[in-house]
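First up is the structure itself, then whatever we jot down about it.
Protein chains: 2
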Amino acid sequence: MSRPPVPPAKPAGAAVPARITIDDVARAAGVSKATVSRVLNRRAELLTREIAERVQAAIDRLGYAPSPMAQALKRGRSRLIGLVVADVANPFSVAVLRGAEKACRDAGYMVMLFNLGNDDWREREAIQALSSYQVEGFILHTLGQDAGALESAAQRGRPVVLIDRRLGDAQLDLVGLDNAAAVRLAAGHLAEAGYGPLLFVTEPMQGVSSREERAAAFRACLAEAQPARAGAVFESDGVDEAALDAALRALQRQAGQARPAVLSANAVTTLRVAAAAARLGWTLGRDLGLVGFDDPDWAPLVGPGLSAIAQPTDDIGRLAARCLIERIEGQDLAARQILLPGRLVVRGSSRP
Amino acid sequence: MSRPPVPPAKPAGAAVPARITIDDVARAAGVSKATVSRVLNRRAELLTREIAERVQAAIDRLGYAPSPMAQALKRGRSRLIGLVVADVANPFSVAVLRGAEKACRDAGYMVMLFNLGNDDWREREAIQALSSYQVEGFILHTLGQDAGALESAAQRGRPVVLIDRRLGDAQLDLVGLDNAAAVRLAAGHLAEAGYGPLLFVTEPMQGVSSREERAAAFRACLAEAQPARAGAVFESDGVDEAALDAALRALQRQAGQARPAVLSANAVTTLRVAAAAARLGWTLGRDLGLVGFDDPDWAPLVGPGLSAIAQPTDDIGRLAARCLIERIEGQDLAARQILLPGRLVVRGSSRP
DNA sequence: TTGTACGCGTTATCAG
DNA sequence: CTGATAACGCGTACAA
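In order, the protein sequences belong to chains B and L. Heads up: the first sequence begins at 1 in this note's numbering, then just goes up one per residue. Heads up: the second sequence begins at 1001 in this note's numbering, then just goes up one per residue.
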């Protein structure tokens, strides 16, 4: 009668050695679970040397590791961080993801990933799925459409750090690029290099704050320029190639003798502009200046080399993670904004 | 005395509405937890219509969602899948990740991500960290160095699906590219296009099976060719640019009148070769043929357009996930290998 | 048809 | 200094 009923979970043949629990260790060391728990939680100081060592030996011998699930259940701390990414196909997202995942891991957190694939209605789903897993906080590369999506997070008091994009008027930490400065940097460079009228090409705004900020900064740049500069903003949706071609032709006409140039809002649009230039038979740099946000590793090899505003993606990811972890671990500061400077990399596409 | 002691977990000021538990729902609906549980587990058939509806209403009203953590603890099923990626900086990894994450989510699983960043010693760490979270299975883009890393997974009977690369001689499911066929496709194309001696450029083998398979298939191709073709394999480490340049020059000398060509093993090396050609002042296509594995979205825009072997990355990710989930949900088949065909995309870099 | 009671693996509290 | 015991939230035999 001392044998408990056979656990029904055990599927069939395979001798799946059940998880080693704290009980196993306790039994092996001839102590109670509580003692084992103390050894694990750095409270070994309060223990007899002899016992502490005996327990530690048992732990090592059995290869015991506590179950984060059970720990989460008990302490309400899952050591999980939810990472919501607008689109893993976007090189910027991936680069940030990389830095963030590493920083989380270094701090002892695991990352649960949710890719929105640019479907804005999924943002709510993402937050809910993730918070059902008791993630302790979110790093959010939002699509910016659904400011209410954070309700469930906010209600549970889970901190959120935004990356690159604001979300409604929520007072949240934000880590991103200093867009205004970056735009000035690029536009200034194009002016110095002798380019004339400018076209700012962006993906459709759709309420994405970084796009809007860049476009606004672009317009401001034009207005401030000493002899006012001609310029326009074009939203490229990636489908209607003809529209982009037409915009570029219009730009060229407007330029007259001068050389036109494009400032592209991210790597995706940069690729579109480069493709359009190829379609039109234009040589970048000579016929059309081009500077693009983001500096992916293929930038030096497209055409004469693409000039770029390199974002400190790794730092952005890392800082977002650290920022979030600080909050998780108790600090209760006002919402911070960490704006990092972009770095201008000049290549052939902005050298006449 | 009927009031239980104040829960000490509640931090301080902020009225963080504690998680809504099954008990809350039960109380709200005036039933027991068991009944609520039954409603949730599709066993509502055994319940009075009236009660079922009352419970459901309470669930909806309170916005209750069961805690996956507690469920995992109880049933030993976490609905978590561990995704270990060799290097998120590699476009192939990301593309696969994308398909896999979506398929997992569609099947009701969440993905826990671990990026190895090409550090092979981390593979063991990854598996252990992930399995401590009770993931139900692994999708593994392995570095191939540490065949023992899977011990802990195998011991707990967690299924594993490999992507793109084998791991030691373990009998595991594998989803990847039909490398031999793809190499033949590319080499055949280069031959038809009139290129002569071939250089296969790969990242250092380091025991990565897909690299080895591609190199082996390349050598086989050379040997089988009717007039035997000249060719060599070069391992590029990404640091020693001069070595790559030298290899290309040697190839050119060997070519004599004929046109040399390169077959590149992945997007990373393709970029290196393109950069080297630029350094040497060679025009791709005319001076050097180039076909590369992987077809990232920048391929059409580098030089005259890069010919590529496009991998069905989305399918690879999707199938890997489905395959894994099948196993998780009980099927106990022999190890499968799903080899998908590559698609040749001809662009300027392989047109003399 | 529904409710009670127990256990999953931990940690925290309180006795000893 | 150490051990027993009660939760954490859920699923489920078993009893009613």
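A virtual CB, placed ideally from N, CA and C, is assigned to each residue, including glycine.
Of all Cβ atoms in chain B, is any one closer than 8 angstroms to the Cβ of L/E1101? Under the Cβ distance rule, L/E1101 counts among the residues neighbouring chain B, one pair being separated by less than 8 angstroms.
Can the beta-carbon of B/V84 be found closer than 8 angstroms to that of B/A320? Contact: no.
Chain L residues whose Cβ lies nearer than 7 angstroms to that of B/M205: Result: empty, since nearest Cβ-Cβ is about 22 angstroms, beyond 7 angstroms.
Where the alpha helix (DSSP H) through L/T1202 begins and ends: L/T1202 -> not in any alpha helix (DSSP H); beta strand (DSSP E) instead, spanning Y1195 to T1202.
For the segment 1244-1299 of chain L, which segments carrying the alpha helix (DSSP H) assignment without a break, of at least 4 residues, lie completely within its bounds, in sequence order? 1267-1280
Contact check, B/S350 vs B/L190 under 8 angstroms by CB: the rounded distance? 6 angstroms
Interface flag, L/V1094 vs chain B, CB-CB below 8 angstroms: yes
Would you call B/E50 buried or exposed, if buried means 16 or more other Cβ atoms sit within 10 Å of its Cβ? exposed
What is the DSSP secondary structure of B/L167, counted as helix, strand or coil? coil
Between the segment 1225-1244 of chain L and the segment 1283-1293 of chain L, do three or more beta carbon pairs fall short of 8 angstroms? no
Would you report the Cα separation of B/I20 and L/R1124, rounded to the nearest angstrom? 19 angstroms
Along the chain, where does the beta strand (DSSP E) that runs through B/E53 open and close? That residue, B/E53, is in no beta strand (DSSP E); its alpha helix (DSSP H) goes R49 to L62.
Between B/L62, B/T142, B/Y133 and B/G99, which has its C-alpha nearest L/D1108's C-alpha? Sequence inspection shows Gly at residue 1108 of chain L; the Asp mentioned does not correspond to that position. When each option's Cα is compared against that of L/G1108, the closest is B/Y133.
I'd like the ranges of any alpha helix (DSSP H) spanning at least 4 consecutive residues and lying wholly in the segment 1083-1160 of chain L. 1091-1106, 1122-1132 and 1151-1155
Are three or more beta carbon pairs between the segment 71-78 of chain B and the segment 1087-1102 of chain L nearer than 8 angstroms? no
L/A1187: which of L/K1033, L/S1264 and L/A1299 sits nearest, CA to CA? If you compare the alpha carbons of L/K1033, L/S1264 and L/A1299 with that of L/A1187, the shortest gap goes to L/S1264.
Can you have a look at L/P1068 and say buried or exposed, based on whether 16 or more other CB atoms are within 10 angstroms of its CB? buried
Own chain partners of B/D120 with C-beta closer than 7 angstroms, once the 5 adjacent residues on each side are dropped: When the five nearest sequence neighbours on each side are left out, the beta carbons in the same chain lying within less than 7 angstroms of the beta carbon of B/D120 are those of L143, Q145 and D146, in order along the chain.
Closest by CA to B/R359, which one among B/Q171, B/S93, B/L306 and B/A154? What is shown of chain B runs 1 to 352, which leaves residue 359 of chain B out entirely.
With distance defined between alpha-carbon atoms, name the residue in L/A1100, L/E1235, L/M1110 and L/F1114 nearest to L/L1080. L/M1110
Checking contacts by CB at 8 angstroms: is B/R98 closer than that to chain L? yes
First and last residue of the alpha helix (DSSP H) that includes L/Q1071? P1068 to R1075
Given L/N1115, which residues of its chain have a CB within under 6 angstroms of its CB, disregarding the five upstream and five downstream residues? Counting only residues of its own chain and dropping the five nearest sequence neighbours on each side, L/N1115 has a CB closer than 6 angstroms to the CB of V1085 and V1088.
On the premise that B/G196 lies in contact with B/R259, defined as a C-beta separation below 8 angstroms, what is that separation, rounded to the nearest angstrom? Indeed they touch by this definition, with Cβ atoms about 6 angstroms apart.
With distances taken Cα to Cα, identify the nearest neighbour of L/D1314 among L/T1269, L/V1031, L/C1104 and L/G1082. L/C1104
What does DSSP give as the partner residues of B/F218 in its beta bridges? Among the bridge pairs identified by DSSP, B/F218 is matched with none.
Helix, strand or coil for L/S1350? Go by DSSP, reduced to three states. helix
Specify the secondary structure class of B/A242 as computed by DSSP and reduced to three states. helix
Do we get a CB-CB distance below 8 angstroms when we pair L/D970 with the residues of chain B? Within the shown structure, residues of chain L are numbered from 1001 to 1352, placing residue 970 of chain L beyond reach of any answer.
For a quick check, are the C-beta atoms of L/S1131 and L/D1164 less than 8 angstroms apart? Result no, Cβ atoms of L/S1131 and L/D1164 do not sit closer than 8 angstroms.
Alpha carbon to alpha carbon, how far is L/A1335 from L/L1174? Give it in angstroms, no decimals. 8 angstroms
Would B/P312 pass as an interface residue toward chain L - the criterion being a Cβ-Cβ separation below 8 angstroms? no
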